[in-house]
Structure formats: structure tokens, C-alpha cells
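*Asks:*
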Amino acid sequence: MSQESDVVCLGGGVAGEAIAIGLQDSGLTLAVVERELVGGECPYWGCVPSKTLLRSSETLSEAGRARALAASRVEWNVDFPKVSARARWMARNLDDSKPAAAMEATGATLFRGDGTLTDLRTVAVGNEQLIARRAVVIANGSSAAIPPFPGLDVVDFWTSRQAVIPGELPVSLAILGGGAIGVELGQAFARLGCRVTVIEAGLALLGLEEPEAGVALRHHLEADGMMLAIGDPCVAVERPMTGPSRERSAIVVRLKSGAVVRADRLLVATGRIPNVEGVARGSRRRSAAG
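For the sequence shown, counting from 1, position 258 maps to 906 in the numbering used here; every step adds exactly one.
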């Protein structure tokens, strides 16, 4: 089946939402294709739940400071199910029904599924062919970049998606990547009582920021109990053997220096890559047809 619109947008994240609002009452019709949740990464698996974790852990850190600043006695126990439930609630419980309704209220038509750009003006979604009279907008967002470290493909690991809405508080956490994602999640888990080791291949924390940022933060992160392995790249990841069976979640990270980091959980936070599958598949089809 073919349907025509003036504009077809691949992706219902913040860009798709902005286009829907921008085209409202313009006289132009819009079709938006979304394979996951309307709103994109930030409200469900990114900024919103990660900052919620940081706020929960910050509260405990400030309570601890009260001993030195204002109180003779401060006691608490970390209630991690409460922390996790709050992060999930802030992430709309992974329910996009209200954002989807808001998008459709602008007059846009929402199509659920994987979209593939089959030519310059056509997007395939399942059995539907969406034809754009004016333009196709590619706003597919990004996914976690997973490096090809030996052994990483055979162990269980977290990306930021699992870490920001965790079902458990690991005793120890190894983090590959000392960028913004690795550092902020590492600090959150450390303040909640987890033993955290951040492994950064580069020579500085927060390598994409101003050089002073990583230098200034290092003291504070170490004060929170974080171990920082800077300039010592990961060369392999293993799941250790214990007798006849393997431990489900124990991870061994081997570094170039020969150092070994052991942790209950591994978080891979080595950057992001654009979601271009639907565009790339369509390009290959057009090349083959040509």
C-alpha cells in the first residue's frame, strides 16, 4: 500500500517532534516513522533517567556531608529499588502513549516500525510505502558504539540503556569509557555504594570537553571512591571460570599495561554511532538495482 505525504520523517525523537510542531497548521502533511518510542533516547534511556540517578545519589552524598557541617548523627540505608523505581517513573515507565498522542494531535500520522529509504522520496515500513512529495527527513538518532574488544561478544554487559534504569545495584562496576556518559553514571553508582572503576583509553577524562574539565573533576571523582584507569586501554574482556561452570555476571577486563580489573558488571560507554541501517539498506538496494 502506498500513502503520500508532503514530508516523511524517519525518526520520532526530538527532531521528529519538532518537525511535527513546526508543520502544524502549515497546510503540509507529515508522516513520522518510529521503531521504538516517540520522544527518542533522552526521555527514556538518556538525560532524564541518568540525571535522576545522579540526583538520588547526590542526596545521599549531601546527607553524608551533614555529619561534618550540621549534624552529630546521620544514618541511612540505600533503598535501591526505590532509586530504580524513581528513574523508571521519570522515564515515563517506557510508555510513549502521551507523546505519541501529542504528535498525532499536530496532524502528523505516526507509523510504527523500521523504516527503510528505498529511494530519494520513498520510505518502506512493513507493507506500507510512504511517498514524500516534498522531502524525506532523516532523524534516526544514535545507538551505543560497541568496540570490537576480544571477548566482549561473549559476555553480558550493560550499555547506558541498562545502566540508567537498572534492576540491580552491583557490588562492583567496571566502565569502559571516561566520557560524559561513563563519568556521570560512574559517579552515580559510586555514591550509591558501588565500587566503580572507569577505564579510559585516552590520556584524559572527558576527552571531548575542555582539557581543564577532566583535571578539575578527577579529584572529586576519586573522593567519591571511584578508581580511574586513564591512558590504559582495554585489550580483552573475559568471563572467569569457577569450577565446572561460569559465573553469570563476573567480568574480567584486561588492560594494555597488564593490569586486571574485576567487576560484577561491565558498562560499555565508548561513545555513540548514528542509526543509519534503514538508509544504508536502501542505498545498497538502489545500487544493486542500478
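For glycine and all other residues, C-beta sits at the position ideal for the given N, C-alpha and C.
Here's a check: name, in chain order, each residue in its chain whose Cβ is nearer than 7 Å to the Cβ of P892, leaving out the five neighbours to either side.
*Replies:* Per-residue confidence for P892 stands at a pLDDT of 47, beneath the threshold of 50, marking its modelled position as unreliable; the derived number appears in the next sentence. So no residue of the chain qualifies.
*Asks:* Applying the 10 Å Cβ sphere with the 16-neighbour rule, what's the burial state of M649?
*Replies:* exposed
*Asks:* Name the one or two DSSP bridge partners that T845 has.
*Replies:* A822, M875
*Asks:* Write down every uninterrupted run of the beta strand (DSSP E) in the segment 693-768 whose length is 3 residues or greater and which is fully enclosed by it, in chain order.
*Replies:* 757-760, 763-767
*Asks:* Suppose contacts are defined by Cβ-Cβ distances below 7 Å. Is V909 in contact with T807 by that definition?
*Replies:* 7 Å or more divides the Cβ of V909 from the Cβ of T807.
*Asks:* Does any heavy atom of the ligand HEM sit closer than 6 Å to the C-beta of F837?
*Replies:* Annotation note on the ligand HEM: not contained in the displayed structure, which lists no ligands.
*Asks:* Judging by CA-CA distance, which residue of V803, V655, A748 is the nearest neighbour of V885?
*Replies:* The residue with the shortest Cα to Cα distance from V885 is V803.
*Asks:* Is the distance from the Cβ of P747 to the Cβ of G687 below 7 Å?
*Replies:* yes
*Asks:* Measuring CB to CB, does D727 end up less than 7 Å from S820?
*Replies:* no
*Asks:* For P798 and A783, what's the separation of their Cα atoms in angstroms?
*Replies:* 43 Å
*Asks:* Taking 7 Å as the cut-off, decide whether the C-beta atoms of I829 and E848 are in contact.
*Replies:* Not in contact: I829 and E848 (Cβ atoms no closer than 7 Å).
*Asks:* How should G664 be labelled, buried or exposed, when 16 other C-beta atoms within 10 angstroms of its C-beta is the threshold for buried?
*Replies:* buried
*Asks:* Taking P922 as the reference, give the member of S674, V655, I786 with the closest Cα.
*Replies:* I786
*Asks:* Using the three-state DSSP reduction, which class does D801 fall into: helix, strand or coil?
*Replies:* helix
*Asks:* May I ask which residues mark the beginning and end of the alpha helix (DSSP H) holding E665?
*Replies:* 662-671 is the span of the alpha helix (DSSP H), which, as asked, contains E665.
*Asks:* Assign V885 to one of three DSSP states: helix, strand, or coil.
*Replies:* Under the three-state reduction of DSSP output, V885 falls in the strand class.
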